[in-house]
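Peer 1: Which chain is which? The protein sequence lines are A and B, in order. Take the first sequence: its position 200, counted from the start at 1, is 200 in the UniProt record's numbering, and no numbers get skipped. Take the second sequence: its position 122, counted from the start at 1, is 122 in the UniProt record's numbering, and no numbers get skipped. Ideal Cβ placement from N, Cα and C applies to all residues, glycine included. Treat the numbers as computed from the prediction; the structure is a model and nothing was measured. This is the structure I have questions about; it appears just below.
There are 2 protein chains.
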Amino acid sequence: MPYDPSAFPPFAVTVDLVVLTVRRHALCALAVRRGEPPFQGRWALPGGFVRADEDLAQAAARELAEETALRAHDQTVPAPDNGAHLEQLATYGDPKRDPRMRVVSVAHLALAPDLPAPRAGGDASYARWAPVDELLQQSGYGRDEEPVAPLAFDHAQILADGVERARSKIEYSSLATAFCPTEFTVGELRRVYEAVWGVALDPRNFHRKVTGTPGFLVPTGGTTTRQGGRPAQLFRAGGATLLNPPMLRPEV
Amino acid sequence: MPYDPSAFPPFAVTVDLVVLTVRRHALCALAVRRGEPPFQGRWALPGGFVRADEDLAQAAARELAEETALRAHDQTVPAPDNGAHLEQLATYGDPKRDPRMRVVSVAHLALAPDLPAPRAGGDASYARWAPVDELLQQSGYGRDEEPVAPLAFDHAQILADGVERARSKIEYSSLATAFCPTEFTVGELRRVYEAVWGVALDPRNFHRKVTGTPGFLVPTGGTTTRQGGRPAQLFRAGGATLLNPPMLRPEV
DNA sequence: GATCATAGTCGTCTGCCTGACGATAAACAC
DNA sequence: GTGTTTATCGTCAGGCAGACGACTATGATC
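Okay, here's the thing in structure tokens:
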């Protein structure tokens, strides 16, 4: 395998982002509208070329910042500030995935707390948070009866892979806290699990489980009633990243 | 982000392989000796350029076949024949990971049963199975007091990531059977877990666990005494790919 | 052939975790 | 105050895992 520079075909390398958050009890992803062919006018995942002097993680963090003003937080560590969790997802390199040329895309997965409207590059209709169910139902209809075209390129596959990664990873890691603000209640954390998994969880058993797992949650001392009802204790994410024993996702 | 062909830097894209097997109670990886600079004479992971018309998985399967004469089996499905399990691992793209040019490597993980000596491209000392402990201890000494140089490029990191993936994945999937021949005994499967995790497992509890998990193992009816002692039942991998509940890796 | 070593297989028991609840507490809306 | 909502504490039964005893069936050794 000689590394003769003339012996290998040139590739374009991009990063694409699956940015997930939980809004109004639904798992949502960031989507941008394509302004040019191919797939002009269709929704796609945010992304862009990796620069010549840039690491893959740097490129993903840069794209994330450009789209959301989120500081990317280095992977594997739960975000202590309001930075998002960012980790590499998978790489997609089908020769025909981009009709114009050979593009290999290194997809990354970002998990963020609920944010204000996405910041667009000056264009209001450029980017939006869309429920993943809506983005993934091919040619289906969204909540307001508007027809939804499939995502551009192979982005539906990438999004599905990212969602599946998030679903399984909150089972055995403390990553669900990345969907929450710095301080949160047990109920808010439970609603994250319910939104991501799409199931209802028993509040009493959930409370016992998460408060009984050492290192998962640390109480801040404060309370809040922002959810209504009895005031709830506020917690911050503890240092533990791996949950042992894991949270159990209920039956299919 | 226009796709102007002059606007993106060209990359070389390679696949590198972490090929794991279990030999003599030790987890081993396939290593090849580099015949040219950089890192000439050092051990490295097998790999090569992705061709212009080739998918990433195809490239990985081709490289695997060239190095080991293993038919690659498509990912997520446990190999029913003697093909190896193959799945994408992660992508490594540090700008300085190859001193000559910008190379992005899509690493793949392959799990194979114990094989005869690796097939080299005519050169006997070209490739070998090496215990991962030996390959990963930087500048350490191998079993026979021979000094071991670190792997070339960032291959130590890639190998470590692959080993960690294998360690965690046999917990909740039936992937450990990919290390076994088509027919195997419960004891042989247990020794796979022991080698990969580096721990001792109770044979009685292990037997109860794996035979009690529906879809994991199907008896073939035959028995064997190739391990000595009382004849053991032979099994084949069942259809189940996900183990629920998972195998529990003992405490650190 | 008796004995031993080696592996495999079946049971038992105990502790822990989970799921399924009941019950109580503390806020807000009327 | 009454009702509603959410949070939090308890209780109980079933299931699974770890620890370990007991028995079986082969080959090796004397």
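1) For B/L243, decide whether its Cβ has a neighbour in chain A, counting only Cβ atoms nearer than 8 Å.
2) Just list the residues that DSSP pairs A/Y92 with in beta bridges.
3) What did DSSP end up calling A/R24 once you bin it into helix, strand or coil?
4) Shorter than 8 Å from the beta carbon of A/P10 to some beta carbon of chain B?
5) I want to see whether chain B comes within less than 8 Å of A/V50, judged by CB atoms only; does it?
6) My understanding is that B/R102 touches B/F39, with C-beta atoms under 8 Å, so please give their C-beta distance in whole angstroms.
7) Between B/R204, B/V22 and B/C28, which has its C-alpha nearest B/V186's C-alpha?
8) In angstroms with no decimal places, state the Cα-to-Cα distance between B/L89 and B/V50.
9) Sort B/A240, B/T224 and B/T241 by Cα distance to B/Q233 and report the nearest one.
10) For a contact defined as C-beta to C-beta under 8 Å, what are the partners of A/Q88 on chain B?
11) Just mark A/L242 as buried or exposed, buried being the case when its beta carbon has 16 or more other beta carbons within 10 Å.
12) Nearest CA to the CA of B/I170: which residue from B/V196, B/D154, B/F8 and B/P99?
13) In or out: A/G221 buried (at least 16 other Cβ within 10 Å) or exposed?
14) Within 8 Å of any Cβ in chain B, is that where the Cβ of A/R102 sits?
15) Just to confirm my understanding: we take A/Q137, look at its own chain, exclude 5 residues before and 5 after, and list those with CB closer than 6 Å. What are they?
16) Out of curiosity, what's the CA-to-CA distance linking A/A240 and A/G35?
17) Among B/L30, B/L111 and B/W43, which has the Cα closest to the Cα of B/T177?
18) Is there a Cβ from chain B that is less than 8 Å from the Cβ of A/E54?
19) Tell me which residue opens and which closes the beta strand (DSSP E) that B/Q233 is part of.
20) If you check the beta carbons only, do B/L175 and B/L159 fall under 8 Å apart?
21) Less than 8 Å between CB atoms is the rule here; does B/D94 satisfy it with respect to chain A?
Peer 2: Concretely, from the data shown:
1) no
2) A/S105
3) coil
4) yes
5) yes
6) So it is not a contact: roughly 17 Å between Cβ atoms.
7) B/R204
8) 16 Å
9) Nearest option by C-alpha distance: B/T224.
10) Under a criterion of Cβ atoms nearer than 8 Å, the residues of chain B adjacent to A/Q88 are, in order, A90 and T91.
11) exposed
12) B/V196
13) exposed
14) yes
15) none
16) 43 Å
17) B/L111
18) yes
19) A232 to A237
20) no
21) Any Cβ of chain A closer than 8 Å to the Cβ of B/D94 would place that residue at the interface, and such an atom is present.
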